[in-house]
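For reference, the structure discussed in these notes is given below.
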Amino acid sequence: MTEVKNILVVDDDDVIRLSCELTLKAEGMVVDSAENGRVGVEMLKKKKYDLILLDLMMPEMQGTEFLDFVSSYDESIIVIVITGFATIESAVETLKKGAYDYLPKPFTPEELRKVVRKGLERRKLLLEREQLQHEREKNLERIAAEQSRLSTIINCMSEGLIAVDRDARLLLNNAVAGKLLSMKESCCIGDHVQGILNNAELENWIIESLNKKKYPVRPVHREIVFDAENQKIYSVTLAPIKEKKKDISGLVLVLTDISEERKLERMKAEFQQLVAVVAHELKAPINTIEGYLDLIIKGYLKEKP
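Residues in the sequence shown are numbered from 1004 upward in steps of one, following the working numbering.
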């Protein structure tokens, strides 16, 4: 369904107003008219118009003054200047003030229809542009808010997190990952992982996982020793960032320091081994004592009448 267009004719000439009304109403448009600029301003405040036909030379309020008001009130309204005092200077001046086009009097109904159609098409494009810009701003605000939430979550994680793109270039990392991997402050988003993660096994694992023949289809876990001397061991989970076409656009890695956990496991194993040794060492004397007790008891029973 075509939306009805609202047109306002501002002209002190009764004949011009009437002819414009008849011509444009025949095109299915709603047409209102004002005999001067002040009346036009009041009508503009009460109703939303798509296009205004404006005479320049009017009593009480000149057309240029009215044009200034429209430009500050609603820039999307199309203004077409109609005047019998057409000069190049006046045309340029009105266009500078925001008028869309200039139609000298006298004009034919067809000339009027043509310039109004062009103006309404221009209005349509302006509104579409405003709508797109509004949607773009809303999307940017939504993306910014989402990024802020995501950034907060990532930086509050107790685990280290790294994301790389399809070319093994750094997309993001949180502070924990930077600390765990001893990453330099000079490392930037877009740097290749080779040489910046300070662990050849981890770097090679990332690069190999991005090879098409070795795509990880689900999260993969691995324990990697980062500092053998200080017994630093990290549990690393590597997961693909999947695209719709079953391809991957990158990888996400989550690092957890399990050094203390593994240290406790080693201590537990060593303690259990110690207990086993002590038990073995104690077992022989106990067996000997049990043997002597057995002999004593047997000898005692034999001597008893």
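Where is the CB? At the ideal position from N, CA and C, for every residue including glycine. Model, not experiment: these values are computed from the prediction.
Between the alpha carbons of Leu1241 and Lys1121 lies a gap of roughly 59 Å. Counted as a single uninterrupted DSSP element, the stretch harbouring Tyr1237 is not any alpha helix (DSSP H) but the beta strand (DSSP E) occupying residues 1235 to 1245.
The distance from the Cβ of Leu1056 to that of Val1012 is about 5 Å, consistent with a contact at the 8 Å cut-off.
In this structure Cys1190 touches Leu1173 by the C-beta definition: roughly 7 Å separates them, less than 8 Å. Judged by DSSP secondary structure, Pro1112 falls outside any beta strand (DSSP E) and instead within the alpha helix (DSSP H) spanning 1112 to 1159.
Taking each of Leu1184, Arg1269, Val1033, Glu1063 in turn and checking the Cα distance to Gly1040, the smallest one comes out for Glu1063. Bounds of any beta strand (DSSP E) do not take in Arg1041; it lies within the alpha helix (DSSP H) bounded by 1040 to 1049. With contacts defined by Cβ atoms closer than 7 Å, Ile1081 and Arg1126 form a contacting pair. For Ile1210, the secondary structure class from DSSP, reduced to helix, strand or coil, is helix.
Look at Asp1104 here: in three-state DSSP terms it is strand.
Cβ atoms of Val1119 and Leu1054 come within 8 Å of each other, at about 6 Å. Taking Asn1158 as the centre and dropping the five residues before and after it, the same chain places the C-beta of Asn1177, Ala1178 closer than 7 Å to its C-beta, in chain order. Around Leu1200, the same chain offers Leu1184, Glu1206 as residues with beta carbons nearer than 6 Å, after the five sequence neighbours per side are excluded. Between the alpha carbons of Gly1193 and Arg1152 lies a gap of roughly 22 Å. Residue environment analysis places Leu1258 among the buried positions, since at least 16 neighbouring C-beta atoms fall within 10 angstroms of its C-beta. Relative to Lys1100, the option among Val1033, Lys1108, Phe1072, Pro1107 whose CA is nearest is Phe1072. Distance from the CA of Ala1279 to the CA of Ala1272, rounded to the nearest whole angstrom, comes to 11 Å. Leu1059 and Gln1065 have their C-alpha atoms roughly 6 Å apart. Take Met1160, set aside five residues on each side of it, and the residues of its chain with a beta-carbon closer than 7 Å to its own are Asn1177, Val1179, in chain order. Counting only the Cα atoms, Leu1277 lies some 37 Å from Ala1203.
Each of Glu1226, Asp1250, Val1255 was checked against the Cα of Arg1265, and the nearest Cα belongs to Glu1226.
Asp1168 has Gly1253 as its beta-bridge partners, per DSSP. Between Leu1123 and Lys1245, the CB-CB gap reaches or exceeds 7 Å. For Ser1074, the uninterrupted alpha helix (DSSP H) run begins and ends at 1066 to 1076, by DSSP. The C-beta of Leu1267 has fewer than 16 other C-beta atoms within 10 Å across all chains shown, which makes the residue exposed. By the CB criterion at 7 Å, Leu1106 and Ile1083 fall inside the cutoff. Secondary structure at Ser1036: strand, using DSSP grouped into helix, strand and coil.
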